[in-house]
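Notes to accompany the following structure.
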Amino acid sequence: MPFKTDTIEEPTLNLTPMIDIVLLLVIFFMVGTQFSEEERQYDIELPTVSDAQPLTALPDELVVSVDGDGRIYIEDRELTADELQQELVTARERYADQAVVIRGDADGPYQNVMTILSICKEARIRNVQLANRLESEGGA
Numbered sequence: 007m008p009f010k011t012d013t014i015e016e017p018t019l020n021l022t023p024m025i026d027i028v029l030l031l032v033i034f035f036m037v038g039t040q041f042s043e044e045e046r047q048y049d050i051e052l053p054t055v056s057d058a059q060p061l062t063a064l065p066d067e068l069v070v071s072v073d074g075d076g077r078i079y080i081e082d083r084e085l086t087a088d089e090l091q092q093e094l095v096t097a098r099e100r101y102a103d104q105a106v107v108i109r110g111d112a113d114g115p116y117q118n119v120m121t122i123l124s125i126c127k128e129a130r131i132r133n134v135q136l137a138n139r140l141e142s143e144g145g146a
């Protein structure tokens, strides 16, 4: 008498729905892509205005560093307080919401940071941030 044995079917992955989704995504991105070459092929004379601001992205934040001795730096340049104020006024004229990040030396006097904050106030910079690091990051 023959015994009936159960055949074990190996699980398979039906790829048809996944291929459908991938093709839909490809079509979506093809339709949604801007083709800038097509926009530039037309010879169009743009209108002129008397004073216009150039189209630029938002400016990067301005990082002002002050060491323990009270020396002020922007990038690699050492500045006096008057030069810093002029730099901040110029930056605010270019972009009204210019962000300024103040990096004060942790071992330096607090007055150094307060001086920079005062200069920012005089330059009418409203977006001021104080840089810090987590204790777990250690000193570097």
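The sequence shown begins at 7 in this note's numbering and counts up one residue at a time.
Glycine residues also receive a C-beta, built at the ideal position from the N, C-alpha and C atoms.
Model, not experiment: these values are computed from the prediction.
Which whole-angstrom value describes the C-beta separation of residue i and residue j, a residue pair presumed to lie in contact below a C-beta threshold of 8 Å?
i      : j      : result
Val106 : Val134 : 5 Å
Excluding five sequence neighbours on each side, which residues of the same chain lie with their C-beta closer than 6 Å to the C-beta of residue i?
i     : result
Val32 : none
Glu67 : Ala105 and Val107
Val95 : Ala129
Phe34 : none
Could you check what DSSP says for residue i in three-state terms: helix, strand or coil?
i      : result
Gln135 : strand
Arg77  : coil
Leu68  : strand
Val106 : strand
Arg100 : helix
Glu16  : coil
Leu29  : helix
Leu21  : coil
Leu140 : coil
Express the C-alpha separation of residue j and residue i in angstroms, rounding to a whole number.
i      : j      : result
Ala137 : Glu99  : 24 Å
Leu123 : Arg83  : 19 Å
Arg139 : Ala112 : 10 Å
Thr22  : Lys10  : 34 Å
Val37  : Tyr101 : 36 Å
Leu29  : Lys127 : 56 Å
Ile25  : Leu64  : 40 Å
Asp103 : Ile131 : 7 Å
Asn20  : Thr39  : 30 Å
Tyr116 : Glu141 : 19 Å
Excluding the five sequence neighbours on either side, which residues of its own chain have a C-beta within less than 8 Å of the C-beta of residue i, listed in chain order?
i      : result
Val119 : Val72, Ile108, Gly110 and Leu136
Gly114 : Val72, Asp73, Gly74, Asp75 and Gly76
Leu90  : Val70, Ile78, Ile80, Ile122 and Ile125
Ala87  : Ile78, Thr121 and Ile125
Can you give me the Cβ contacts of residue i inside the same chain, cut-off strictly under 7 Å, excluding the 5 residues immediately before and after it?
i     : result
Glu93 : Ile80 and Leu85
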